[in-house]
């Protein structure tokens, strides 16, 4: 299943937020991507989509990384949580950290899943919620509302998902990239993407 966040989501608003957080002018961003300043402006305004080569560069720039001490502290808080929770890159769905309760649900050691996209394991209900994110303003601005929904189930033995309530909370990391905290709100369920 192709991740809508990677292939359909407009990256312009996220690029603009990254630029503002890093105090990068449009003219400098234009040089980074080999385009004109007006192209950056059109991308950010949603008037034009980036070509595949530039889109790949933007995605690489915006991918969540745990670079700072604060980001590592967040990962440790997730890992030490007694509830089934995990942290993923909001753009790529790559697993960044997970609690022992979440790791116990996987059929392989969680270290084999770290850095890997969990998108292939999503349920139809999760894919539906993902498709709604842009309309809800999820990627605009710094603060996005948490989202709660029923997950549905999948057939995966590697990353099983059982019917439960799930909460997504978007977090901005120190470099301006975003991560998603995924919490299971009921103890009787399994992993969620």
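In full-length UniProt numbering, the protein residues as written are 1 to 193. We put the beta carbon where it would ideally sit given N, CA and C, even for glycine. All values derive from a computational prediction rather than experimental measurement.
Taking just the CA atoms, how far does residue 167 sit from residue 147? Position 147 of the chain shown, counted from the first residue, corresponds to residue 147. Position 167 of the chain shown, counted from the first residue, corresponds to residue 167. One C-alpha to the other measures close to 5 Å.
Taking the beta carbon of residue 150 as the centre, do at least 16 other beta carbons fall within 10 Å, making it buried, or is it exposed? Position 150 of the chain shown, counting from 1, holds the residue named residue 150. Under this definition residue 150 is an exposed residue.
Per DSSP, cross-strand counterpart(s) of residue 168: For the purposes of this step, residue 168 is taken as residue 168 along the chain shown, with counting starting at 1. According to DSSP, residue 168 shares a beta bridge with 147 and 182.
For residue 117, name the three-state secondary structure that DSSP assigns. Here residue 117 refers to the residue found at position 117 when the chain shown is read from its first residue. Three-state result, residue 117: strand.
Sheet register partners of residue 22 (DSSP bridge): Locating residue 22 in the chain shown gives position 22, counting from the first residue. According to DSSP, which records beta bridges pairwise, residue 22 is partnered with nothing at all.
Beta-carbon proximity list for residue 175, same chain, < 6 Å, skipping 5 on both sides: The sequence position of residue 175 within the chain shown is 175, counting from 1. Closer than 6 Å at the Cβ level, and outside the excluded window around residue 175, lie 67.
Can you tell which of 55, 77 and 20 has the C-alpha that lies nearest to the C-alpha of residue 33? Numbered from its first residue, the chain shown carries residue 33 at position 33. Closest in C-alpha terms to residue 33, from the list 55, 77 and 20, comes 55.
Does the region 19-36 come into contact with the region 67-86, if we say contact requires no fewer than three beta-carbon pairs (one atom in each stretch) closer than 8 Å? No, the region 19-36 is not in contact with the region 67-86.
Below 7 Å CB to CB, which residues in the same chain sit around residue 35 once its five sequence neighbours on both sides are set aside? Working through the chain shown from its first residue, we reach residue 35 at position 35. Excluding positions up to five away in sequence, the list reads 54.
Do you know offhand how far residue 158's Cα is from residue 108's? For the purposes of this step, residue 158 is identified with residue 158 of the chain shown, where counting begins at 1. For the purposes of this step, residue 108 is identified with residue 108 of the chain shown, where counting begins at 1. Computed Cα separation, rounded: 7 Å.
Does the distance from the C-beta atom of residue 102 to that of residue 88 stay below 8 Å? Taking the chain shown and counting its residues from 1, the one referred to as residue 102 is at position 102. Taking the chain shown and counting its residues from 1, the one referred to as residue 88 is at position 88. At a Cβ-Cβ threshold of 8 Å, residue 102 and residue 88 do not count as neighbours.
Take residue 64 as the anchor and find which of 138, 95 and 24 has the nearest alpha-carbon. In the chain shown, the residue the question calls residue 64 occupies position 64. Ranked by Cα distance from residue 64, the first of 138, 95 and 24 is 95.
Just how far apart, CA to CA, sit residue 117 and residue 39? For the purposes of this step, residue 117 is taken as the residue at position 117 of the chain shown. For the purposes of this step, residue 39 is taken as the residue at position 39 of the chain shown. About 30 Å.
Does the beta-carbon distance from residue 98 to residue 70 come in below 8 Å? Within the chain shown, numbered from 1, the residue matching residue 98 stands at position 98. Within the chain shown, numbered from 1, the residue matching residue 70 stands at position 70. No, the Cβ-Cβ distance between residue 98 and residue 70 is not below 8 Å.
Do you know whose CA, among 81, 12 and 23, lies nearest residue 51's CA? Here residue 51 corresponds to residue number 51 of the chain shown, with the count starting at 1. The shortest Cα separation from residue 51 among 81, 12 and 23 belongs to 12.
The beta strand (DSSP E) that contains residue 221, what's its start and end? Residue 221 is absent from the model: the chain starts at 1 and stops at 193.
What whole-angstrom Cβ distance do residue 106 and residue 161 have, given they're in contact under 8 Å? Sequence index remark: in the chain shown, residue 106 carries index 106 (1-based). Sequence index remark: in the chain shown, residue 161 carries index 161 (1-based). Incorrect: roughly 11 Å between the Cβ atoms, too far for contact.
Taking buried to mean at least 16 other C-beta atoms within 10 Å of its own C-beta, is residue 93 buried or exposed? Within the chain shown, the letter at position 93 stands for residue 93. Using a 10 angstroms sphere on the CB of residue 93, the tally of other CB atoms reaches 16 or more, which defines it as buried.
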